[in-house]
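Presented below is the structure to which this report refers.
Chains as they are written, first to last, in my numbering: chain A, -12 to 123; chain B, 117 to 286.
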């Protein structure tokens, strides 16, 4: 029965740790909401950690992305569409389709990831778009 | 705790594994908000946590790993297995440390487990795509791990209390 009381009782240490974790998560959330308000200018696509291309958010366009999982060298594994200043993955040959189900993105820092194909689409701002070399 | 025969333990673990697998399956049926990929209820952790408290850490680790492989190949793919394994092992280590060494309450253990499960998965994902940008998901995954961990922790506590009663009545 001693065991039973132990399970029920939240010690002071428990409260402290829970509060620390809650504080950390609220802090991260605040950073997430307030840190990603800036409307993006460009879309950066990386495949396997390497830069695949950068595209303007202002131009409506469809971008075929060719990755290692593509059937042939000319066939795209994912399709990215830029429309009305938002980037959205509309097609992917990955098994889980998480990248396709994710909503369109438009703020700096937001991204869409297709893990199986190792494709990452990130929105970047004016400054980042100006740099020639992107170091990973 | 009363010594259980080996056969009985094996049977019990098999049943727990089946239960964990069922939890994984139920989870695939529940649609989760798609703000960020990877938000999950973590129902299977309910079984792992309960096993850890009622039977012990070794048994819980066995159930957890077996569950990840089975559910990964049944409902997901190779990728799902790798990410789940990273999250599962990291969260297991953290939970074990909090429970055995620092003697925290089951609720705290579960919350930390939920958070670290998500962090482990995200870190492996960042390594795989070789892009640190995706760590930006951390904020939401941290919070979702905290919330689901708290829910699972509350349920586990009740389950452990009731199953411990069952043990005593025999």
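Glycine included, every Cβ here is placed at the ideal spot set by N, Cα and C. Keep in mind that this is a model prediction, so the values were computed, not measured.
Test item: CB-CB of residue i and residue j under 7 Å
i              : j              : result
residue 188(B) : residue 200(B) : yes
residue 34(A)  : residue 42(A)  : no
residue 64(A)  : residue 104(A) : yes
residue 231(B) : residue 242(B) : no
residue -3(A)  : residue 221(B) : yes
residue 238(B) : residue 262(B) : no
residue 15(A)  : residue 255(B) : yes
residue 224(B) : residue 47(A)  : no
residue 170(B) : residue 279(B) : yes
Distance, residue j Cα to residue i Cα
i              : j              : result
residue 276(B) : residue 228(B) : 18 Å
residue 129(B) : residue 175(B) : 7 Å
residue 25(A)  : residue 113(A) : 10 Å
residue 270(B) : residue 86(A)  : 33 Å
residue 286(B) : residue 191(B) : Low confidence applies to residue 286(B): its pLDDT is 46, below 50, so where it sits in the model is not reliable enough to give any reading.
residue 137(B) : residue 7(A)   : 32 Å
residue 123(A) : residue 23(A)  : In this predicted model, residue 123(A) has a pLDDT of only 49, less than 50, meaning its place in the structure is not dependable enough to derive any value.
residue 273(B) : residue -6(A)  : 7 Å
residue 17(A)  : residue 182(B) : 37 Å
residue 11(A)  : residue 155(B) : 18 Å
residue 215(B) : residue 132(B) : 20 Å
residue 194(B) : residue 252(B) : 24 Å
residue 127(B) : residue 236(B) : 31 Å
residue -12(A) : residue 20(A)  : For residue -12(A), the pLDDT reaches just 46, beneath the cut-off of 50, and the residue's location in the model is therefore unreliable, leaving the point undetermined.
residue 265(B) : residue 226(B) : 5 Å
residue 245(B) : residue 106(A) : 7 Å
residue 98(A)  : residue 84(A)  : 15 Å
residue 166(B) : residue -1(A)  : 23 Å
residue 90(A)  : residue 122(B) : 51 Å
residue 209(B) : residue 219(B) : 14 Å
residue 177(B) : residue 168(B) : 8 Å
residue 57(A)  : residue 217(B) : 49 Å
residue 147(B) : residue 186(B) : 21 Å
residue 88(A)  : residue 3(A)   : 38 Å
Bridge-paired residues (DSSP) for residue i
i              : result
residue 75(A)  : 68(A)
residue 48(A)  : 69(A)
residue 94(A)  : 26(A)
residue 101(A) : 106(A)
residue 43(A)  : 29(A)
residue 38(A)  : 33(A)
residue 111(A) : 29(A)
Close-in-space but distant-in-sequence residues of the same chain around residue i (CB under 8 Å, 5 per side omitted)
i              : result
residue 145(A) : Outside the displayed span of chain A (-12 to 123) sits residue 145(A), for which this structure offers no information.
residue 184(B) : 197, 200, 201 and 204
residue 93(A)  : 26, 27, 44, 72, 73, 74 and 110
residue 120(B) : 128
residue 125(B) : 171 and 175
residue 142(B) : 159
Integer-rounded CB distance, given that residue j should sit under 8 Å from residue i
i              : j              : result
residue 110(A) : residue 74(A)  : 7 Å
residue 233(B) : residue 260(B) : That pair is no contact at about 10 Å.
residue 172(B) : residue 268(B) : No, residue 172(B) and residue 268(B) are not in contact; Cβ-Cβ is about 19 Å, not under 8 Å.
residue 135(B) : residue 163(B) : 5 Å
residue 68(A)  : residue 44(A)  : About 12 Å; that fails the 8 Å criterion.
Same chain, Cβ closer than 6 Å to residue i, five either side skipped, listed in chain order
i              : result
residue 101(A) : 65, 79, 81 and 86
residue 95(A)  : 25, 27, 110 and 112
residue 160(B) : 136, 139, 140 and 183
residue 54(A)  : 34, 64, 104 and 106
residue 240(B) : 199 and 202
Cut-off 7 Å between Cβ atoms - residues of its own chain near residue i, not counting five sequence neighbours on either side
i              : result
residue 108(A) : 30, 32, 67, 74, 76, 98 and 99
residue 39(A)  : 32, 33 and 52
residue 248(B) : 242
The ligand ATP heavy atom lying under 6 Å from the CB of residue i
i             : result
residue 25(A) : As for the ligand ATP, it is missing from this structure, which has no ligand bound.
Interface flag, residue i vs chain C, CB-CB below 7 Å
i              : result
residue 208(B) : Chain labels in this structure do not include chain C; the protein chains are A and B.
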